[in-house]
Amino acid sequence: MRTVTIRRSVLALVAAAALLAGCGDGGDGGGEPESTGPTDNGVSALAPDEILARATTAMKEAKSYRIKGSIKADDGKMDLDLRVAGSDVGGKVSQDGATVELLAVGGQEYIRPDATFWQQNLDSPEAARNVVKLMGDKWAKVPADNKDFADLFGVTSVDEMLEPDGPLTKGETRDIDGVQTIGLVDTSAKGGTIYIATTGKSYPIALQSKDGAEGQLTFSDFGATFDDVQAPPEAQVVDFEELRRK
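Numbers -23 to -1, 1 to 223, taken from mature numbering (1 follows the signal peptide of the UniProt record, and there is no 0), label the letters of the sequence shown in order.
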């Protein structure tokens, strides 16, 4: 194998990130206990931009959260489950039976695709076998100049993730897993609705695409400690460039 070609799956990962960045997904979701409290937080009376500003601040103050859901990619459905702690992130994305684990700690990114991923995306069965043998259960360290996964790892940027593509208007109120929310509708062509908790902390609870068909994502576990989001031991790391040479 001359190069590691991560064609279809990387494009799908980037598509996932693009949906995240433009209020592109959502659905039912869960908030932490603070979000489900009975006390009205007053955001329903605010202008849409003020509500979003409150939600952005609340999410930043939480410092950690979980993003989970399914979205439509070019050639199928993609499931993702990511845990964010400050600028660090860990989790996985899955599509067509293949799964890629993602990890970023202290600015260093790692990926750990399963055997199915390599079989689907490399140039030949022999190339896939070589890479699977080399990696085992190790992580591949992604070089700083490799931007294939940059957009997906960008879920640590609250400002970018919640920034709408167009003006916002107030939408319907919804109960999402016991959390009372109000929708903020992005009126741009891409559309989408972000649902903000109206009780407890004004966290964003869910993102939904314009017609709901493109998928949905939920936010939960605000302020949680994710002990598994930490750098792997050096003995469990393979250099990404070494994979390219296989």
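For glycine and all other residues, C-beta sits at the position ideal for the given N, C-alpha and C.
Practice item. Counting only the same chain and skipping the five closest in sequence on each side, list residues whose C-beta sits under 7 Å from that of residue 33. Key: Counting from 1 along the sequence shown, the entry for residue 33 is found at position 56. Here the set comprises 135, 136, 139.
Review point. With respect to the alpha helix (DSSP H) encompassing residue 102, which residues constitute its N-terminal and C-terminal limits?
Key: Against the sequence shown, residue 102 aligns to sequence position 125. Here the alpha helix (DSSP H) through residue 102 covers 102 to 112.
Exercise for review: Give me the Cα-Cα distance between residue 120 and residue 148, rounded to the nearest whole angstrom.
Suggested key: One-based indexing of the sequence shown puts residue 120 at position 143. One-based indexing of the sequence shown puts residue 148 at position 171. Roughly 43 Å separates the two Cα atoms.
**Study point:** Extent of the continuous beta strand (DSSP E) to which residue 94 belongs
**Key:** Here residue 94 is taken as the residue at index 117 of the sequence shown, counted from 1. Where residue 94 is concerned, there is no enclosing beta strand (DSSP E), although the alpha helix (DSSP H) it sits in stretches over 92 to 98.
Exercise for review: Assign residue 24 to one of two classes, buried (16 or more other C-beta atoms within 10 Å of its C-beta) or exposed (fewer than that).
Suggested key: On the sequence shown, residue 24 is found 47 positions in, with the first residue counted as 1. With fewer than 16 other Cβ atoms within 10 Å, it is exposed.
Check your understanding: Should residue 144 go down as buried or exposed, given a rule of 16 or more other Cβ atoms within 10 Å for buried?
Key -> Along the sequence shown, one-based indexing puts residue 144 at 167. By the 10 Å Cβ count, residue 144 comes out exposed.
Check your understanding: If you run the structure through DSSP and keep just helix, strand and coil, what is residue 38?
Key -> In the sequence shown, counting from the first residue as 1, residue 38 sits at position 61. Helix at residue 38.
Practice item. To the nearest angstrom, report how far apart residue 72 and residue 47 are at their CA atoms. Key: As a working note, residue 72 is residue 95 in the sequence shown. As a working note, residue 47 is residue 70 in the sequence shown. Those two C-alpha atoms are separated by around 10 Å.
**Study point:** Pairwise C-alpha distance: residue 207 and residue 83
**Key:** Here residue 83 refers to the residue found at position 106 when the sequence shown is read from its first residue. Here residue 207 refers to the residue found at position 230 when the sequence shown is read from its first residue. When the Cα atoms are used, residue 83 and residue 207 turn out to be separated by approximately 9 Å.
Review point. In three-state terms, what does DSSP make of residue 161?
Key: Position 184 of the sequence shown, counted from the start, is the residue given in the question as residue 161. Three-state result, residue 161: strand.
Check your understanding: From what residue to what residue does the beta strand (DSSP E) around residue 149 run?
Key -> One-based indexing of the sequence shown puts residue 149 at position 172. Its beta strand (DSSP E) spans residues 145 to 153.
Practice item. Please go through the same chain and pick out, in chain order, the residues whose beta-carbon is closer than 6 Å to the beta-carbon of residue 201, but skip the five residues on each side of it. Key: Along the sequence shown, one-based indexing puts residue 201 at 224. Same-chain partners within the cutoff: 41.
Review point. Taking buried to mean at least 16 other C-beta atoms within 10 Å of its own C-beta, is residue 141 buried or exposed?
Key: Locating residue 141 in the sequence shown gives position 164, where the first residue counts as 1. Label assigned to residue 141: buried.
Check your understanding: Rounded to the nearest angstrom, how far is the Cβ of residue 167 from that of residue 35, given a contact under 8 Å?
Key -> Position 190 of the sequence shown, counted from the first residue, corresponds to residue 167. Position 58 of the sequence shown, counted from the first residue, corresponds to residue 35. Going by Cβ atoms, the distance from residue 167 to residue 35 rounds to 24 Å, so no, they are not a contact pair.
Review point. Got a sec, what are the start and stop residues for the beta strand (DSSP E) residue 70 sits in?
Key: Looking up residue 70 in the sequence shown gives position 93. Element bounds for residue 70: 65 to 72.
Exercise for review: Pull up the CB-CB distance for residue 67 and residue 217, whole angstroms please, since I reckon it's below 8 Å.
Suggested key: For the purposes of this step, residue 67 is taken as the residue at position 90 of the sequence shown. For the purposes of this step, residue 217 is taken as the residue at position 240 of the sequence shown. Contact doesn't hold; Cβ gap of about 18 Å is too wide.
Review point. Nearest to residue 215 by alpha carbon, out of 191, 107, 117?
Key: On the sequence shown, position 238 is the one that residue 215 refers to. Ranking 191, 107, 117 by Cα distance to residue 215 puts 117 first.
Practice item. Measuring alpha carbon to alpha carbon, tell me which of 97, 27, 70 ends up nearest residue 88. Key: Counting from one through the sequence shown, the residue named residue 88 turns up at place 111. Residue 88 has its Cα closest to that of 70, out of 97, 27, 70.
Review point. Excluding the five sequence neighbours on either side, which residues of its own chain have a C-beta within less than 8 Å of the C-beta of residue 63, listed in chain order?
Key: Indexing the sequence shown from 1 puts residue 63 at position 86. 40, 41, 133, listed in sequence order.
**Study point:** Cutoff 7 Å; reference residue 91; Cβ partners in own chain excluding five residues on either side
**Key:** Residue numbering aside, residue 91 sits at position 114 when the sequence shown is read from its first letter. Excluding positions up to five away in sequence, the list reads 75, 76.
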